[in-house]
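Numbering (this note's numbering), first residue to last: 7 to 749. Even glycine gets a Cβ: it sits at the ideal position worked out from N, Cα and C. Below: the structure, in structure tokens.
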């Protein structure tokens, strides 16, 4: 089998994978429309902004006639963002689709008494959208699972964002009763009119709701939260777009109760949306004083400062938001990713690149962790006994609880689950596509995987998943998905090309050859693809065919970087003249190309042309003065020419900077031994043998050095080691000498 010289192909794996990654741009990402087409869906541009401003106070109705309307609205927003090419907005819109879908799947789980499943789905939905409904659902699940303390905690979270949520108050009371805290369960009767008004709001009876809330104010002008809910009613009546009426009610609420968190927060948020950042800050700072532990308040203060280019203040706020979010488990605060992203940009722009990159990496990590944790838990939930559980994407009704449902109710639940599985599959797929278009490949891969769990039959999903996996560096996953895509569409040349590169990056060279061969000259003329094919052929023992592909590659538009790799491969094939010619072409295209002079010098060394090789190594050092490999090879070239003093000085320079450079120790020791300096040689040969105990040359030379110093016992020991290694018939590395150990 033809094997490349380890010294010539120094760093080959890293460069090959980088080259393979660059080619990913050849494969266009499939962008099918959403798997759910909602006819006649309308979007109010102000409505989407208003709904975001309302945040956690908005509650999706449980009524089956209302939820589809909400779904249509969310799907319409996602479709509009996708069609406009605004991939950031598309991602946010699809996150809202997913959040609703997860809540509805959790509701089906509650109907079926599958409480553990409902819990996980509600928790996953909260990672996409803070919702009082999700906290209420969790409270129900915990209550029926006989976990009243947890139920109470979730009910109070719901009340924290929606103080008038009647269902949350009821659940709070039930939980307290189960905990035998009867006095607390009785509650405050002053809320009754406000709660009744809120209940009317929930039922969509806005006039009746407003009447009850005004009656509460007539009875007691300082009734807490009455103005707040009147403001919410005005928001809803205006399709959740901020209005003078809603703002007036919130202002009256804060006049009565200056420490009202929700009213201050919403006033701050509304002002921020209107780009009135100074006014927004005034209310958000009050909200932050009331509840300093809420990360999102600090986040939006940071975004206000950032929009005013007050990067110092923005940095401080973002760090506060991040610290609070991390202390509570950042996955629970999906918005905190924005703080990491914005802080990362501030740091990068101010020259703190290392910390900035860490922030951006953490943003990506949070998204991956949230996805991975949910996947792991979902995969292990309520699997049927007696065997391995089915994949999450296929198990469907296999995770039923023990609810005593009639046949008709079970069929209705099955249909609801099937419907929402389709919604979730499409939502995760479109979210992944939006992220892929923004080159957020790790996040896209995670969401494509979740789409596959919910609905593996989405057109184009396997192809997109494979693309994202490749760009994220997960080559085994790319192979799995792209094989599926190619089986479904054997004529898809882009999928075939990317699958070949995924095999190549995985060092599965025989599979690389089998996959790319059908593309013929079309693959050979594509620079990175042609190189991957040629190298895989060489490593599979097909040197002649590798040479033919390389020749075809060089007829195409290969740039200097690819010509450098091609030249190294020609050298590994033993075609020194062709290697040198190709490396010269690479340098003509880019005279500052690093590693090209090094590769040329190594090829010349192998051909016994040490003087010419030395010139190449000197040229490499002119481009990269700290290149240890070039300095080492220059020392070796001087030694080959009998220029001992120059060689010695260079070896000493290399070893001073890189004391663990085994090959330099070996060659320096060998040179000293040949010069009759056995005692000096021993120190370097011992170090070479210690660093690379499998290298027979070091042991063989060391035994000779020991004999010259009359250290016969040690010489015999090294001789035995040398002979044992030779007996194993290990394949020798190419010149110069011992297999290389990079510094």
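Inter-residue spacing [alpha-carbon to alpha-carbon] between residue i and residue j
{"i": "residue 82", "j": "residue 508", "result": "36 Å"}
{"i": "residue 587", "j": "residue 552", "result": "17 Å"}
{"i": "residue 324", "j": "residue 346", "result": "7 Å"}
{"i": "residue 548", "j": "residue 733", "result": "28 Å"}
{"i": "residue 445", "j": "residue 104", "result": "21 Å"}
{"i": "residue 143", "j": "residue 117", "result": "11 Å"}
{"i": "residue 92", "j": "residue 370", "result": "20 Å"}
{"i": "residue 416", "j": "residue 478", "result": "41 Å"}
{"i": "residue 332", "j": "residue 422", "result": "36 Å"}
{"i": "residue 495", "j": "residue 464", "result": "14 Å"}
{"i": "residue 237", "j": "residue 257", "result": "9 Å"}
{"i": "residue 86", "j": "residue 435", "result": "16 Å"}
{"i": "residue 364", "j": "residue 260", "result": "40 Å"}
{"i": "residue 714", "j": "residue 627", "result": "37 Å"}
{"i": "residue 429", "j": "residue 98", "result": "16 Å"}
{"i": "residue 135", "j": "residue 80", "result": "13 Å"}
{"i": "residue 76", "j": "residue 252", "result": "22 Å"}
{"i": "residue 725", "j": "residue 697", "result": "18 Å"}
{"i": "residue 456", "j": "residue 125", "result": "18 Å"}
{"i": "residue 281", "j": "residue 320", "result": "16 Å"}
{"i": "residue 679", "j": "residue 481", "result": "47 Å"}
{"i": "residue 656", "j": "residue 614", "result": "20 Å"}
{"i": "residue 289", "j": "residue 242", "result": "22 Å"}
{"i": "residue 68", "j": "residue 147", "result": "Reliability of the predicted coordinates at residue 68 is poor, the pLDDT of 35 falling under 50, and no value is obtained from them."}
{"i": "residue 184", "j": "residue 176", "result": "12 Å"}
{"i": "residue 662", "j": "residue 633", "result": "14 Å"}
{"i": "residue 372", "j": "residue 665", "result": "40 Å"}
{"i": "residue 498", "j": "residue 470", "result": "13 Å"}
{"i": "residue 667", "j": "residue 673", "result": "10 Å"}
Presumed contact (8 Å Cβ cut-off) between residue i and residue j, rounded CB distance
{"i": "residue 578", "j": "residue 589", "result": "The pair is not a contact, with the Cβ atoms about 13 Å apart (cut-off 8 Å)."}
{"i": "residue 705", "j": "residue 731", "result": "7 Å"}
{"i": "residue 102", "j": "residue 131", "result": "The Cβ separation is near 10 Å, so there is no contact."}
{"i": "residue 308", "j": "residue 348", "result": "7 Å"}
{"i": "residue 559", "j": "residue 533", "result": "7 Å"}
{"i": "residue 602", "j": "residue 570", "result": "5 Å"}
{"i": "residue 158", "j": "residue 182", "result": "7 Å"}
{"i": "residue 461", "j": "residue 420", "result": "With a Cβ gap of about 15 Å, residue 461 and residue 420 do not count as contacting."}
{"i": "residue 643", "j": "residue 611", "result": "6 Å"}
{"i": "residue 306", "j": "residue 275", "result": "7 Å"}
Distance CB(residue i)-CB(residue j) smaller than 7 Å
{"i": "residue 487", "j": "residue 472", "result": "yes"}
{"i": "residue 475", "j": "residue 484", "result": "yes"}
{"i": "residue 451", "j": "residue 503", "result": "no"}
{"i": "residue 172", "j": "residue 204", "result": "yes"}
{"i": "residue 161", "j": "residue 140", "result": "no"}
{"i": "residue 640", "j": "residue 620", "result": "yes"}
{"i": "residue 671", "j": "residue 635", "result": "no"}
{"i": "residue 341", "j": "residue 285", "result": "no"}
{"i": "residue 701", "j": "residue 712", "result": "no"}
{"i": "residue 585", "j": "residue 573", "result": "yes"}
{"i": "residue 239", "j": "residue 215", "result": "yes"}
Own chain, CB closer than 6 Å to residue i, minus 5 neighbours either side, in chain order
{"i": "residue 518", "result": "506, 509, 510, 542"}
{"i": "residue 169", "result": "231"}
{"i": "residue 600", "result": "629, 630"}
{"i": "residue 729", "result": "none"}
{"i": "residue 46", "result": "The predicted position of residue 46 is uncertain, since its pLDDT is 23 and thus under 50; a value taken from the coordinates is nonetheless stated next. Here the set comprises nothing."}
{"i": "residue 354", "result": "362"}
{"i": "residue 174", "result": "142, 161, 164, 165"}
{"i": "residue 431", "result": "457, 460, 461, 464"}
Cβ neighbours of residue i in the same chain (closer than 7 Å, five flanking residues each side left out)
{"i": "residue 681", "result": "650"}
{"i": "residue 516", "result": "546"}
{"i": "residue 283", "result": "310, 313, 314"}
{"i": "residue 676", "result": "707"}
{"i": "residue 95", "result": "87"}
8 Å CB neighbourhood of residue i in its chain, flanking five on each side removed
{"i": "residue 522", "result": "502, 503, 506, 529, 535, 538, 539, 542"}
{"i": "residue 453", "result": "377, 434, 435, 437, 438, 441"}
{"i": "residue 56", "result": "Low local confidence applies: a pLDDT of 28 at residue 56 is under 50, so the model's placement there is unreliable, with the coordinate-based value given in what follows. Counting only Cβ-Cβ distances below 8 Å, and skipping sequence neighbours, we find 241, 244, 245, 246, 247, 248."}
(message) Assess contact between the segment 707-725 and the segment 679-698, defined as three or more Cβ pairs (one per stretch) separated by less than 8 Å. Is contact present?
(response) Touching, per the Cβ criterion.
(message) Measuring CB atoms only, is the segment 270-286 touching the segment 296-316, in the sense that at least three cross pairs come out at less than 8 Å?
(response) yes
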